[in-house]
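Visitor: One structure is given below, represented as structure tokens, and several questions about it will come after.
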Amino acid sequence: MITSVEGRPLGDDELVDLAKRGDADAYMQLVARHQSLAQRVAFVVTRSTADAEDAAQEAFVKAYYALGRFRSGAAFKPWLLRIVTNEALNRVRSASRRAQLALRVERLDRPSGDAAPSPEAAATAADEHRRLLEAVNRLGEKDRLAISCRYWLDLSERETAEILGWPRGTVKSRLSRALGRLRTQMEDDERSSRLLLETPASDRLEDRGGQT
Numbered sequence: 222m223i224t225s226v227e228g229r230p231l232g233d234d235e236l237v238d239l240a241k242r243g244d245a246d247a248y249m250q251l252v253a254r255h256q257s258l259a260q261r262v263a264f265v266v267t268r269s270t271a272d273a274e275d276a277a278q279e280a281f282v283k284a285y286y287a288l289g290r291f292r293s294g295a296a297f298k299p300w301l302l303r304i305v306t307n308e309a310l311n312r313v314r315s316a317s318r319r320a321q322l323a324l325r326v327e328r329l330d331r332p333s334g335d336a337a338p339s340p341e342a343a344a345t346a347a348d349e350h351r352r353l354l355e356a357v358n359r360l361g362e363k364d365r366l367a368i369s370c371r372y373w374l375d376l377s378e379r380e381t382a383e384i385l386g387w388p389r390g391t392v393k394s395r396l397s398r399a400l401g402r403l404r405t406q407m408e409d410d411e412r413s414s415r416l417l418l419e420t421p422a423s424d425r426l427e428d429r430g431g432q433t
């Protein structure tokens, strides 16, 4: 592994040239050199240490596979940090899209002046997430694919269209209809749960007895 030339450390451009020729150790030197800065940049975007570390790691992986498109003579650090920033933004958008999905399928008619969710409501978040996933899985295949690509895989409308082989306009309309069906399904589930809770236990036992 070459780490220096004539007593000086190899520059980024030299390490990039070596990495392009398949020298993995050279790329690891680039990672070690820029990792701290990459994580700081990602943290500025995500405001989360864990997300920043994940974003920086994923960015280094993507940068490695994109080295063939890196223009010789260009500065490596700005190029890398653009990838880091994009990856961090993707994670922020991911969280935002999941929040938007939850908002769009839950109580859209709730008055804006309502109080914030109570601690008890926050404690049920895991159950709400489970019910949401179950509802998505009960949708038709095309609806499920549209929602999964857009919200779970964090793909853009263009990327979703390319992957599914649909026109971009179809993705938009399909997603709108799928969200409507998902919202209806979630509301039906909620009504069923409420009716079950309101039915006296003795009545439920009688119903079961009559079915045997």
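Everything in the sequence shown is counted per our numbering, starting at 222 for the first residue and increasing by one. Every residue, glycine too, gets a C-beta built ideally from N, C-alpha and C. In this text the structure is predicted, and so the values were computed from the model without any measurement.
(1) Out of 393, 257, 362, 355, state which residue places its alpha-carbon closest to the alpha-carbon of residue 371.
(2) Looking at the structure shown, is residue 230 part of a helix, part of a strand, or coil, going by DSSP?
(3) For residue 330, which residues from the same chain have a beta carbon less than 8 Å from its beta carbon, with the 5 sequence-adjacent residues on both sides left out?
(4) What does the alpha-carbon distance come out to for the pair residue 276 and residue 417?
(5) Buried or exposed: where does residue 265 fall if 16 or more other Cβ atoms within 10 Å of its Cβ makes it buried?
(6) Alpha carbon to alpha carbon, what distance is there between residue 313 and residue 396?
(7) Can you tell me which of 363, 402, 399, 398 puts its alpha carbon nearest to the alpha carbon of residue 384?
(8) Along the chain, which unbroken stretches of the beta strand (DSSP E) at least 3 residues long are found entirely within the segment 356-394?
(9) Check residue 401 in the structure and name its three-state DSSP category.
(10) How many whole angstroms separate the CB atoms of residue 304 and residue 273, which I take to be in contact at a CB cut-off of 8 Å?
(11) Using 7 Å as the threshold, is the C-beta distance between residue 288 and residue 241 below it?
(12) Just the Cα atoms here: how many angstroms apart are residue 412 and residue 348?
(13) Using three-state DSSP, classify residue 329 as helix, strand or coil.
Guide: Quick answer:
(1) Sorting 393, 257, 362, 355 by C-alpha distance to the C-alpha of residue 371 places 393 at the top.
(2) Taken through DSSP and simplified to helix, strand or coil, residue 230 comes out as strand.
(3) Because the pLDDT at residue 330 is just 43, under 50, the model does not fix this residue reliably, and the point stays unresolved.
(4) Taking the CA atoms as reference points, residue 276 sits about 44 Å from residue 417.
(5) Exposed: under 16 other Cβ atoms inside 10 Å.
(6) Approximately 21 Å between the Cα atoms of the pair.
(7) Closest option to residue 384, Cα to Cα, is 363.
(8) No beta strand (DSSP E) of 3 residues or more sits fully in the segment 356-394.
(9) DSSP, read as helix, strand or coil, puts residue 401 in helix.
(10) In fact, because the Cβ distance is near 14 Å, the residues do not count as touching under 8 Å.
(11) A Cβ-Cβ contact shorter than 7 Å links residue 288 with residue 241.
(12) Spanning the two alpha carbons is a distance of roughly 16 Å.
(13) Low confidence applies to residue 329: its pLDDT is 42, below 50, so where it sits in the model is not reliable, and the reading given next is rough at best. It is coil, neither helix nor strand.
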